[in-house]
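Chains as they are written, first to last, in this note's numbering: chain A, 1 to 422; chain B, 423 to 873.
Below is one structure; the comments refer to it alone.
Shown next as structure tokens:
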């Protein structure tokens, strides 16, 4: 099986150290500009949680030539959309615009990379917005805080143990000096990758990027950061009470290899075989056929450091945690013992191929794909050999990897119990 | 600013693709367009009048149960076999019920188009609705309601629609437990046979392949199927008038935020002033550069986001504004939200705001149409709402002709918050005294009226 399409791209490095990837996608007059910085919540020390994400907010608050609120306004009045996201492993900023507005996106990104303007008032304002975001997305939602519990249980080292959104106390402690230091350390051109995808001529686009980013002076790059975890030694368990949950739920997580580790390609098959589409074996059994779960998601959460193979399940009324846990562990064990059936394997292979086609239909999605490879692996085109490696995985590999991954020593279990309001 | 931002180059032309319109051998209306960069095809078969707004009286929930049950097996395939057949193609197949229609969707890679269409036709024309699977679907929808009612946003929307469209089918966000309990397997089979008959459907397709090829595949797989003549579904009644402003508080113990949703009647999608109202909404609360977001988040730090929107349906529609805030600033947030909406209804956008909104809507119109699925969805909307053939081809020109005065008039006519419904979700012990400053409060439990 072959990909059936390509994403041509070219990479150059500017004198100030900024890596630039341009991928022409002729046709629709649209362009996406993405700048991904090599900094995520994993770099936060204890007492500073949530800072990478808080800083992402500050990046929209104005720079030397862009006033407060101007970033939103300028992109909107150009007919574009924009946002930023922070994960454990990186922070990205992106604009999707009519193609004739490429220069505006480059201007905005260059100006805030060169001369962000930080003030106490902006920090205080965005601190409140982030705390409100935490209340909205975590504190006031069913099950959301249990994911934080699950990560803290699964990981030993602090970088992946704490949530991206951070704690209220740590957010309150963040200072303007912290922000200035963070900007100097991590927002250097040599610590970022810029990706342009859309209806552009590559040489013209490189020229525009060079002109826009020439005023950005080089700054030192932070030392490479690695998340190291001790080898798992024994199953872990936790129990949480959730004031907002109406039904019990269960996390069963398995700590495993980093992204692009040879085992990771087989784990993508395990994800599909157990939980994807209409026929994922564990999903079908628990959700559809036996009505034990209202929902079940199986997700291989790939990270630059150790990843998690996640199962999260909401119980049907009256179904005990123990029963769900046994079913999920037996599902893992079946895959490890018997390996996938030939039909399951081919189905998963087709799904993975189709996912790649569907998930690269927009300029933004392509920019995210190339940026990840370009920043993490220094080769934006690596997606294609990786894709071919994925399509080449065989049944025995899946069984072998499942056997080594789904072991009791790697598993952590969190039971979520609905709690009564006081 | 010391250096001005660069000005955009001249706008590049963009036109949505024309749909080739034809009929298959059976007479099934079919439209296809060439669109997209990848070898994938989006297919929808639209059944107007098969949505929840046309549920049989006393059987509310029928449309959702029918949609949920289509993938539970066919005459020759069990539910498991059907699931495997869909996944063998790596296709996405779904049947969903909205308020005004049901839509069967297929997303498939181009080389598998024939097989995907064959499967879709089997699902639609040979459904088995096995009794045991039907009961499973019913139980699943009931349990889903339990889980949904733990979510504050769901509770706010559920109560808002219930009070904004009282005793009207648009007032149901989801089926109720009572409605679901009343629908039998035979009711569902009858509804499917009458409302989701190919005699009532229209086929829409888009993909990177030429329309002729898409339509030829459709004719091979669907063109030979009968199109039974079935009775017209009942019409959706006019929405009731909302004469005043009412406040409804859903008590959610332990909430650390207040979810506030305001809405008032506005206009249906086919209304001639819809585009004008859309432009007017953009300046008020359509995005992160709009007035609500700028004042309530960026200037006052009261919220993570504040927005307004239009929610048009075939027979009616409403305008809404929303904000989520920590409980102890509910008074300031709600007062701020309603005050800004009231001021805007009185004065509309400035000329600068209006021109920015037109540029935003015109530009994002292009961005939103990168995929074949988006192009098919445009055609679904055109079909359901009876929009003219050139709706999308002329959309940006018509938008550009909307004046600041037009937008001001729309704000005045459709956004005034002196009538409407406010739905709040949070801890009633703390919220009730605050909300009573805005109007008489009716208190609700998550699952209905408070006793």
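C-beta atoms are modelled at their ideal positions from N, C-alpha and C, and glycine is treated no differently.
For the stretch 280-291 of chain A, the set of positions with a beta-carbon nearer than 9 Å to some beta-carbon of chain B reads 280, 284, 287, 288, 289, 291 in chain order. Residue 442 of chain B places its beta carbon 8 Å or farther from that of residue 644 of chain B. Within 8 Å of the CB of residue 474 of chain B, no CB atom of chain A is found; the nearest one sits about 21 Å away. Taking 8 Å as the threshold, the shortest C-beta distance from residue 121 of chain A to chain B does not fall below it.
DSSP, reduced to helix, strand and coil, places residue 693 of chain B outside both helices and strands of the structure shown, so it counts as coil. Check the Cα spacing between residue 284 of chain A and each of A:267, A:303, A:327, A:151: the tightest is with A:327. For residue 814 of chain B, there is no enclosing beta strand (DSSP E), as DSSP marks it with neither H nor E.
Under the Cβ criterion of 8 Å, residue 448 of chain B is not counted among the residues facing chain A. Residue 846 of chain B is bridged by DSSP to B:671, B:682.
For a cut-off of 8 Å, the C-beta gap from residue 194 of chain A to residue 118 of chain A is around 22 Å, too long to register as a contact.
In the three-state scheme derived from DSSP, where H, G and I count as helix and E and B as strand, residue 786 of chain B is classed as helix.
If you check each beta-carbon in the stretch 457-470 of chain B against every beta-carbon of chain A, the ones closer than 7 Å belong to 458, 459, 460, 461, 462.
Residue 83 of chain A and residue 554 of chain B have their C-alpha atoms roughly 47 Å apart. Neighbours of residue 104 of chain A in chain B, taken as residues whose beta carbon is under 9 Å from its own, are 427, 428, 429, 430 in chain order. With a cutoff of 8 Å on beta-carbon distance, residue 733 of chain B and residue 707 of chain B are scored as not near each other. Residue 269 of chain A: member of the alpha helix (DSSP H) spanning 262-275, first to last residue. Among the residues of chain A, those whose CB is under 7 Å from the CB of residue 574 of chain B are 140, following chain order. Around the beta carbon of residue 459 of chain B, 16 or more other beta carbons lie within 10 angstroms, which makes this residue buried.
With a contact defined as Cβ atoms closer than 8 Å, residue 367 of chain A and residue 373 of chain A miss out at about 11 Å. Between the alpha carbons of residue 562 of chain B and residue 615 of chain B lies a distance of about 23 Å. The beta carbons of residue 36 of chain A and residue 375 of chain A sit about 5 Å from each other, so the pair counts as a contact at 8 Å.
For the stretch 497-512 of chain B, the set of positions with a beta-carbon nearer than 8 Å to some beta-carbon of chain A reads 501, 502, 504, 505, 506, 508, 509, 510, 511, 512 in chain order. Against chain A, a Cβ distance below 7 Å from residue 565 of chain B picks out 294, 316, 317. By the Cβ test, the stretch 672-692 of chain B is not in contact with the stretch 78-97 of chain A, since fewer than three Cβ pairs between them sit closer than 8 Å. For a cut-off of 8 Å, the C-beta gap from residue 345 of chain A to residue 395 of chain A is around 5 Å, short enough to register as a contact.
Assigned with DSSP and collapsed to three states, residue 82 of chain A falls in strand. Apart from sequence neighbours up to five positions away, the residues of its chain that approach residue 268 of chain A with a beta-carbon distance below 7 Å are 300, 352, 390, ordered along the chain.
Where residue 562 of chain B is concerned, the enclosing alpha helix (DSSP H) starts and stops at 553-570. When secondary structure is reduced to three states using DSSP, residue 206 of chain A falls in the helix class. In terms of Cα proximity to residue 45 of chain A, the closest of A:420, A:106, A:166 is A:166. Residues of the stretch 706-723 of chain B with a C-beta less than 7 Å from any C-beta of chain A: 709, 710, 711, 716, 719, 720, 723, listed in chain order. Among the CB atoms of chain A, none fall inside 8 Å of the CB of residue 671 of chain B. In this structure, residue 99 of chain A sits away from residue 212 of chain A, with a CB-CB distance that is not shorter than 8 Å. Look at residue 793 of chain B: its C-beta is under 8 Å from a C-beta on chain A. Setting aside the 5 residues that flank it on each side, residue 854 of chain B is surrounded in the same chain by 671, 863, 865, each with a C-beta closer than 8 Å to its C-beta; the list follows chain order.
Against chain B, the CB of residue 129 of chain A has a partner CB under 8 Å away; the residue lies at that interface.
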